[in-house]
Amino acid sequence: MKKCHWGRNQVAFLGHIVTTTGIYTEKGKAVLNVKRPVDIYGLRSFLGLTSYFRRYIPEYASISAPLERLKMKDAPFVWTEDCESAVRQLKRTLMKPPILVYPDGQKGSQFYVDSSRYAVGACLMQEVDGRDRVVAYASKLLTGSQKNWISEQDGISEMEC
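Last residue of the sequence shown: number 1064 in my numbering, and the count goes up by one each step with no gaps.
Written out as structure tokens, the structure is:
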């Protein structure tokens, strides 16, 4: 029973802080100390870390797109200003992540979806204390064939997210 915590208002669990009112990331500040990736292995490591917290980052797929392109097969590892900007934005967002609220099955929810030629995204919200609060964010880069489904992109958003 050493690992059990009873009667707590706040508990750290797998990199998250779980409270009575919501959940937020504990390790966002650790990302600040991560150095700029200099090769594909460092890039995969950085994206793995940030992707773990993607539910806290609105439009994660769009922000990380320049970095994801470097991971494509036979793509040269050429660091651009877009890559640098993506790293800065991901770090900045994780430094001050939103607090996500718990979903309440007794309340109505709003589900917002959006799509572009490259990515789809969604946000699930519920009203708490008179304010719309985020339950979760979701986003995904489109694959090569999905980019051709122009007329159905909002439907893709709903399916993928």
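For every residue, glycine included, the Cβ atom is placed at its ideal position computed from N, Cα and C.
Start and end of the alpha helix (DSSP H) containing T996?
Element bounds for T996: 984-998.
Measuring straight from C-alpha to C-alpha, what distance separates R947 and T928?
Distance between the alpha carbons of R947 and T928 is about 20 angstroms.
Less than 9 angstroms between the C-beta atoms of F949 and G918, yes or no?
no
Candidates A915, K999, Y1015, of which the one nearest I960 by Cα
K999
Sort Y1021, Y1015, K1043, I1002 by Cα distance to L1027 and report the nearest one.
Y1015
Roughly how far, in whole angstroms, is the beta-carbon of Y1040 from the beta-carbon of R958, given that I think they are within contact range, below 8 angstroms?
6 angstroms
Taking only the alpha-carbon atoms, compute the straight-line gap between L973 and K1043 and give it to the nearest angstrom.
For L973 and K1043, the distance between alpha carbons rounds to 16 angstroms.
Rounded to a whole number of angstroms, what is the C-alpha to C-alpha distance between K1010 and S1018?
Their Cα atoms are separated by approximately 27 angstroms.
Other residues of its chain near P969: CB distance less than 6 angstroms, five sequence neighbours each side excluded:
D985, C986, A989
Under the three-state reduction of DSSP, which class applies to T922: helix, strand or coil?
strand
Decide if C1064 is buried, meaning its Cβ has at least 16 other Cβ atoms within 10 Å, or exposed.
Its pLDDT being 48, under 50, C1064 is placed unreliably by the model, and the measurement read from it follows with that caveat. With 16 or more Cβ atoms within 10 Å of its Cβ, C1064 is classed as buried.
Alpha-carbon spacing of R991 relative to Q1013, whole angstroms
30 angstroms
When the distance is taken between beta carbons, is R1036 closer than 9 angstroms to Q1029?
yes
Alpha-carbon to alpha-carbon, H908 and K1050:
Roughly 48 angstroms separates the two Cα atoms.
Shortest alpha-carbon distance to K937 belongs to which of K906, G925, G951?
A small fix is needed here, since residue 937 is Val in this sequence, not Lys. Comparing Cα positions, the closest option is G951.
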